[in-house]
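Some notes on the structure that comes next.
There are 2 protein chains.
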Amino acid sequence: MPTEPTWLSPREDRAWRAFMHAHHQLAVRLRRHLLEDSGLTEADYEILAVLSEHATGSLPARELCALLQWEKSRLSHQTRRMQEHGFIVRETNPADARSSMIRLLPAGRRAIEDAAPQHVRNVRRHFIDLLTPAELDILTALNERILGHLAEDPFPEHSTPDEPALSP
Amino acid sequence: MPTEPTWLSPREDRAWRAFMHAHHQLAVRLRRHLLEDSGLTEADYEILAVLSEHATGSLPARELCALLQWEKSRLSHQTRRMQEHGFIVRETNPADARSSMIRLLPAGRRAIEDAAPQHVRNVRRHFIDLLTPAELDILTALNERILGHLAEDPFPEHSTPDEPALSP
DNA sequence: GGCTCTTGGTTGACGTGTCAACCAGCAGGT
DNA sequence: ACCTGCTGGTTGACACGTCAACCAAGAGCC
């Protein structure tokens, strides 16, 4: 039987490059627009978007992590910076002394409310408006298939990094 | 006339999230595989791939920049690191004393030749194999449309950063 | 109560990418 | 020749994300 070819065919290669490139270029463009007309980073925006969608404007860090699919250390660094900018505060959770609550401050709410409309316009301009509704649905289906496959085929976990597994 | 809605519809939002997420998750996965089974970074891989495709194994930095669509400073940092790893050397270009040539070293060629087959397998496993040829072509067309739009609608250039435009 | 295990979060170090500044060398005009 | 501008490349400072180590507080069990 023929083994799988080592290389991608020109057509496959083109598909692969287009896929990676399109996303990357689009992400770069949107980041620059966002930063230029609102001073927010993509990371800032994501945090503020999630927080502002929650009535209380306050979430445990753990939940933020889960919603954003971020590593906890990344969230910790990011929230420290945002606290210095006055967008949020980290306060201790009375229900669990280990946990910390991330609370949206007025400055943070103002920032996201100022930034969001223009950002959404840019998403439309560079993505949504280029596709018919049917194409949009196809694209969603294919991308979700890729995501689904990644989810059900997890990365081989790195044999717990904490305990160094020594024999004294 | 109805103005454009400020927010994305649920369907649009889903499409947008799937697009961004699928690419990001896939990129993360491939980076981890690559690093784990060949010790190469994505950036290393890209450089080595381009160099190894050229018969001479040597290119002016400027051309590498253009091929990879990288910033020149990024290339400079990256090539310095890779020179320290012994994958490449930077040598002066006899034809133009400003320019520097990036030359692939044997260790670099060995590295890319060892890494490529497994990397291609991973691209197939997590991307190509999930799609029928027809779907692959559709996806290519849509992604290339997005790329084309970005290309013909360039980011408003930042009023030349170098000259500070002062009035003495 | 004590003992261990787990969970939630922080920190520091490191590799990477971007930006602005800088510098040397080429090119064009006079 | 000279001056001016442009081009190719390097550097340093900074923001970001990942990893491993660490710490403190809960949970489970004797």
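Sequences listed follow chains C and B, in order.
In terms of the working numbering, the first sequence has 152 at position 152, counting the first letter as 1, and numbering is strictly consecutive.
In the working numbering, each residue's number is its place in the second sequence (first place is 1) plus 168.
Quick reminder that beta carbons are idealized off the backbone N, C-alpha and C, glycines included.
Values in this document were obtained by computation on a predicted structure and should not be read as measured data.
#1: Since I believe C/ILE102 is in contact with C/LEU59 (beta carbons under 8 angstroms), could you give me their beta-carbon distance rounded to a whole number of angstroms?
#2: Given a cut-off of 8 angstroms, decide if C/ASN143 and B/ALA263 are closer than it, judged by their beta-carbon atoms.
#3: Quick test of your reading: C/ALA115 and C/SER38, contact by CB under 8 angstroms. State the CB separation rounded to the nearest angstrom.
#4: Using a C-beta cutoff of 8 angstroms, does B/PRO149 count as contacting chain C?
#5: Taking the alpha carbon of C/HIS126 as the point to measure from, which residue in B/ARG200, B/GLY254, B/ARG242 and B/GLY316 has its own alpha carbon closest?
#6: What's the call for B/HIS191, buried or exposed, on a 16-neighbour Cβ count within 10 Å?
#7: Looking at the structure shown, is B/ARG271 part of a helix, part of a strand, or coil, going by DSSP?
#8: Beta strand (DSSP E) containing B/THR247: first to last residue?
#9: What does C/HIS126 touch in chain B if you count any residue whose Cβ is under 9 angstroms from its own?
#10: For a minimum of 3 consecutive residues, which ranges assigned as the beta strand (DSSP E) are wholly contained in the segment 266 to 314 of chain B?
#11: Quick check for students: name the residue ranges of the alpha helix (DSSP H) that lie wholly in the segment 2 to 68 of chain C, counting only runs of 4 or more.
#12: So is B/ILE215 in contact with chain C if we call contact Cβ pairs under 8 angstroms?
#13: Can a CB atom of chain C be found closer than 8 angstroms to the CB of B/VAL291?
#14: By the criterion of Cβ-Cβ separation under 8 angstroms, what are the contact partners of B/PRO178 in chain C?
#15: Which same chain residues end up closer than 6 angstroms to C/GLN78 when comparing Cβ atoms and leaving out the 5 residues on each side of it in sequence?
#16: Just the chain C side, please: which residues come within less than 9 angstroms of B/GLN193 by C-beta, in chain order?
#17: Could you check the C-alpha separation between B/ASP181 and C/THR140 for me, to the nearest Å?
With the given structure in hand:
#1: The count along the first sequence starts at 1 and reaches residue 59 of chain C at position 59. The count along the first sequence starts at 1 and reaches residue 102 of chain C at position 102. Indeed they touch by this definition, with Cβ atoms about 6 angstroms apart.
#2: The residue given as residue 263 of chain B occupies position 95 in the second sequence. The residue given as residue 143 of chain C occupies position 143 in the first sequence. Not in contact: B/ALA263 and C/ASN143 (Cβ atoms no closer than 8 angstroms).
#3: Start at 1 with the first residue of the first sequence, and residue 115 of chain C comes out as number 115. Start at 1 with the first residue of the first sequence, and residue 38 of chain C comes out as number 38. With 8 angstroms as the limit, C/ALA115 and C/SER38 qualify as a contact, their Cβ atoms being about 4 angstroms apart.
#4: The question about residue 149 of chain B has no answer, for chain B in this structure spans 169 to 336.
#5: On the first sequence, position 126 is the one that residue 126 of chain C refers to. Nearest option by C-alpha distance: B/GLY316.
#6: In the second sequence, residue 191 of chain B corresponds to position 23, counting from 1. Buried is the call here.
#7: Here residue 271 of chain B is taken as the residue at index 103 of the second sequence, counted from 1. In the structure shown, B/ARG271 sits in a strand (DSSP, three-state: E or B).
#8: Position 79 of the second sequence, counted from the start, is the residue given in the question as residue 247 of chain B. Careful: B/THR247 lies outside any beta strand (DSSP E), inside the alpha helix (DSSP H) at 240 to 252.
#9: In the first sequence, residue 126 of chain C corresponds to position 126, counting from 1. Chain B residues near C/HIS126: ILE314, HIS317, LEU318 and ASP321.
#10: Correct list: 268 to 272.
#11: 10 to 38, 42 to 53 and 61 to 68
#12: By one-based count along the second sequence, residue 215 of chain B stands at place 47. No - not a single Cβ of chain C is within 8 angstroms of the one on B/ILE215.
#13: As a working mapping, residue 291 of chain B is identified with position 123 in the second sequence. Taking Cβ atoms only, chain C reaches closer than 8 angstroms to B/VAL291, which makes this a yes.
#14: Position 10 of the second sequence, counting from 1, holds the residue named residue 178 of chain B. Here the premise fails: no neighbours, minimum Cβ distance about 11 angstroms.
#15: Indexing the first sequence from 1 puts residue 78 of chain C at position 78. Contacts found: ALA43.
#16: Start at 1 with the first residue of the second sequence, and residue 193 of chain B comes out as number 25. Those are GLN69, ILE146, LEU147, LEU150 and ALA151, listed as they occur along chain C.
#17: In the second sequence, residue 181 of chain B corresponds to position 13, counting from 1. In the first sequence, residue 140 of chain C corresponds to position 140, counting from 1. Cα to Cα, the separation comes out at about 10 angstroms.
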